[in-house]
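Worksheet for the structure shown next.
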DNA sequence: TAAGACTACGTTACCGGTAAACTTGTCGCA
DNA sequence: TGCGACAAGTTTACCGGTAACGTAGTCTTA
């Protein structure tokens, strides 16, 4: 039925032969392979006339460059960058990816992605795959890596950018902010707003150490202010709307007199807001709600969510640019801080 | 300051030399290169004893395979798959990407991504980059490609999966559903619910032909029912919450007696709902609201949104699996339909 | 018991591009 | 006029795998 479309070996061989390579262009233009290579890469050492002949020949033969051969032949010629994120389904990381991709493609690099679901072992498995492609560099999310990951990175000696969290010293380069400080800042803000019985609802799928860091900073701030955290509800689930809804329900069942709840992220906070609305709990009068992350949805709610906005796209862009700068041997600062912004909102 | 970390040429050379290759393993294990290659790829033609020696030698030397060389040496050995989506920041495509990535990495393939912002020229530019890596196949979103794209795909003769829309016959393989039919179905549903003065709010950034297809199907259904569409508001913007909010405001200013509005997607519909709430417009009594896509947020609203749920992850998974099946020479059906589901909700 | 088949490897020739070294021609200048 | 500097190329030697083919032994079987 679809036999005409099946790519069999014969077709493949034919297709391969049909494709022009540097040698074919060299013959067509009457110069050497090496000259063609230099012309097409825009380097120097040839006349305008030669250049024109080569470019014309390449166009005539529909030349498609072979980056595989280039990267293989000259190790450092790779324009491949690997990036690993915790979850591809997260709205925040979608924006980070977008920032990275735009910056990289503008600079002539290609992006190979993977996700690790907050697991250091998955990250290592991904890294081993990527390294076998001899990329120019990699971007990792977070700061908790397996010993094997660190060993491998050291062994291959390529630039590494760690994004998203900045709590400890980086392997190579780092771009992001401190999750711990986000928690502290929100804790202090809630106290200033007069909140005293404060809870937390999270969903720490596997080992989301960054969400954990926010919670710890938050707890520290509350404790220092003399009003330690009243209750926490941490679900073993992905941090989405439903867990936010049910997490708040469970928390309030255990501890009905809370006057404020801090959520793992905005999605969960919106789930919590929905729960309040369905139960007639007034926000912020009866209960304050605070999120984290800065989803677009959070700013268009009837009452703007109190949250921390993370500069996702900017982080991606900065990470890509730092990586490329290092690849080009330019001077790069090891750590780039991309500040977050607490937005007051109307839910606390 | 960071000089110790700079990867200069000397370090690079050293790192390169330090890395073991097949020949080193062959020497260590006392066999030939080719035997090592076969053992490590799990093919046949050697004894268990030889195998054990090779595996041990590889482990001793910390061998990292070089897929670049493999793909280069044997054309068809590439395990690279390219994928291009309209926007990386879309929640829906995040789930599609996740489905593709999980399926591919389980099958031993790597994913190279790009985005085209609904532009056929950007898609072609991306494809030219990707093709230069000689991927095993590509996944494209949508059905509108430039002539150059189609030519190039034909020239390189590799499997292509087009996802997301199924309105015309595919280049090679296709996975998705009909956007046109989604529009028709929603139009018929709204009519059955007794709605008569129906409007549309969209945001057709660049040339989002699939959103356009939904609108056309929708208009057809309404016209056939004898109640042609009353008004449309199409913003030149990305289809997010804000445009939904303001789009509805503008539409109602022009046409205040609408009894229902169909939105480009759920994000815009939620923006519209927010507008209603802020103006005291009761939903669904005063105005019906319908969306498209099936965002998680839409199902956790105080009133569940009337919308069409798209099986995003399943599409990604099916696309990846169809591509790999074709690569392995298995029999694959050209078109895989992944049905959408209209959820009644409570906003119409 | 010799011919043939099978097992378990080894050898060789690429794949397409790049770096480095080498060649040739041209020009300025003492 | 002779010499060095430079521009504009060419030549050669790889990079690390893989496919195709070759071959030495072992096992089977008529």
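Residue numbers (this note's numbering), protein chains in the order written: chain A, 55 to 402; chain B, 55 to 402.
All C-beta atoms, glycine included, are put in the ideal place defined by N, C-alpha and C.
Keep in mind that this is a model prediction, so the values were computed, not measured.
Kindly list, in the order they appear in chain A, the residues whose Cβ is closer than 7 angstroms to that of residue i.
i, result
"residue 350 (chain B)", "294 and 295"
"residue 230 (chain B)", "Those do not exist, as residue 230 (chain B) stays about 17 angstroms from chain A at its closest Cβ, beyond 7 angstroms."
"residue 324 (chain B)", "351"
"residue 188 (chain B)", "120 and 122"
In the DSSP assignment, find the unbroken alpha helix (DSSP H) run with residue i in it and report its ends.
i, result
"residue 309 (chain A)", "Here residue 309 (chain A) belongs to no alpha helix (DSSP H), and DSSP marks it neither H nor E."
"residue 369 (chain A)", "366-381"
"residue 127 (chain A)", "121-127"
"residue 218 (chain B)", "Counting along the chain, residue 218 (chain B) falls outside any alpha helix (DSSP H), though it belongs to the beta strand (DSSP E) covering 214-219."
"residue 134 (chain A)", "Element bounds for residue 134 (chain A): not the alpha helix (DSSP H) but the beta strand (DSSP E), 134-139."
"residue 392 (chain A)", "Careful: residue 392 (chain A) lies outside any alpha helix (DSSP H) and carries neither H nor E."
"residue 31 (chain B)", "For residue 31 (chain B) there is no data in the structure shown, the boundaries of chain B being 55 and 402."
"residue 257 (chain B)", "First-last for residue 257 (chain B): 252-257, but that is the beta strand (DSSP E), not the alpha helix (DSSP H)."
"residue 73 (chain B)", "Neither: residue 73 (chain B) is in no alpha helix (DSSP H) and is coded neither H nor E."
"residue 91 (chain B)", "87-94"
"residue 321 (chain B)", "320-333"
Can you tell me where the beta strand (DSSP E) holding residue i begins and where it ends?
i, result
"residue 169 (chain A)", "164-169"
"residue 343 (chain A)", "342-344"
"residue 285 (chain A)", "285-289"
Taking Cβ-Cβ distances shorter than 7 angstroms, what residues in chain B pair up with residue i?
i, result
"residue 123 (chain A)", "126"
"residue 233 (chain A)", "The contacting residues do not exist; residue 233 (chain A) stays about 22 angstroms from chain B at best."
"residue 172 (chain A)", "Under the 7 angstroms cutoff, chain B gives no residues; its nearest Cβ is about 14 angstroms from residue 172 (chain A)."
"residue 159 (chain A)", "168"
Tell me, to the nearest whole angstrom, how far the beta carbon of residue i is from that of residue j; I am working on the premise that it is less than 8 angstroms.
i, j, result
"residue 252 (chain B)", "residue 284 (chain B)", "6 angstroms"
"residue 135 (chain B)", "residue 158 (chain B)", "6 angstroms"
"residue 108 (chain B)", "residue 85 (chain B)", "6 angstroms"
"residue 361 (chain A)", "residue 355 (chain B)", "That pair is no contact at about 19 angstroms."
"residue 165 (chain B)", "residue 369 (chain A)", "Not really, about 21 angstroms apart at Cβ, beyond 8 angstroms."
"residue 82 (chain A)", "residue 125 (chain A)", "The Cβ separation is near 25 angstroms, so there is no contact."
"residue 254 (chain B)", "residue 286 (chain B)", "4 angstroms"
Does the Cβ-Cβ distance between residue i and residue j come in under 8 angstroms?
i, j, result
"residue 366 (chain A)", "residue 153 (chain A)", "yes"
"residue 232 (chain B)", "residue 222 (chain B)", "no"
"residue 229 (chain B)", "residue 390 (chain B)", "yes"
"residue 298 (chain A)", "residue 335 (chain A)", "no"
"residue 377 (chain A)", "residue 215 (chain A)", "yes"
"residue 402 (chain B)", "residue 309 (chain B)", "no"
"residue 177 (chain B)", "residue 234 (chain B)", "no"
"residue 399 (chain B)", "residue 359 (chain B)", "yes"
"residue 99 (chain A)", "residue 105 (chain A)", "no"
"residue 74 (chain A)", "residue 132 (chain A)", "no"
"residue 272 (chain A)", "residue 240 (chain A)", "yes"
"residue 237 (chain B)", "residue 279 (chain B)", "no"
"residue 351 (chain A)", "residue 345 (chain A)", "no"
"residue 188 (chain A)", "residue 129 (chain A)", "yes"
"residue 169 (chain B)", "residue 138 (chain B)", "yes"
"residue 148 (chain A)", "residue 383 (chain B)", "no"
For residue i, name the three-state secondary structure that DSSP assigns.
i, result
"residue 246 (chain A)", "helix"
"residue 402 (chain A)", "coil"
"residue 159 (chain B)", "helix"
"residue 195 (chain B)", "strand"
"residue 264 (chain A)", "helix"
"residue 351 (chain A)", "helix"
"residue 117 (chain B)", "coil"
"residue 174 (chain A)", "helix"
"residue 358 (chain A)", "coil"
"residue 231 (chain A)", "strand"
"residue 363 (chain A)", "strand"
"residue 147 (chain B)", "helix"
"residue 272 (chain A)", "helix"
"residue 385 (chain B)", "coil"
"residue 317 (chain A)", "strand"
So which residues on chain A does residue i lean against when the C-beta distance must stay under 9 angstroms?
i, result
"residue 152 (chain B)", "141, 142, 143 and 169"
"residue 356 (chain B)", "328, 331 and 332"
"residue 149 (chain B)", "142 and 143"
Chain B partners of residue i, CB-CB under 8 angstroms?
i, result
"residue 165 (chain A)", "166, 167 and 168"
"residue 185 (chain A)", "118"
Please compile the residues from chain A whose C-beta is within a distance smaller than 8 angstroms of the C-beta of residue i.
i, result
"residue 266 (chain B)", "The contacting residues do not exist; residue 266 (chain B) stays about 23 angstroms from chain A at best."
"residue 155 (chain B)", "142, 167, 168 and 169"
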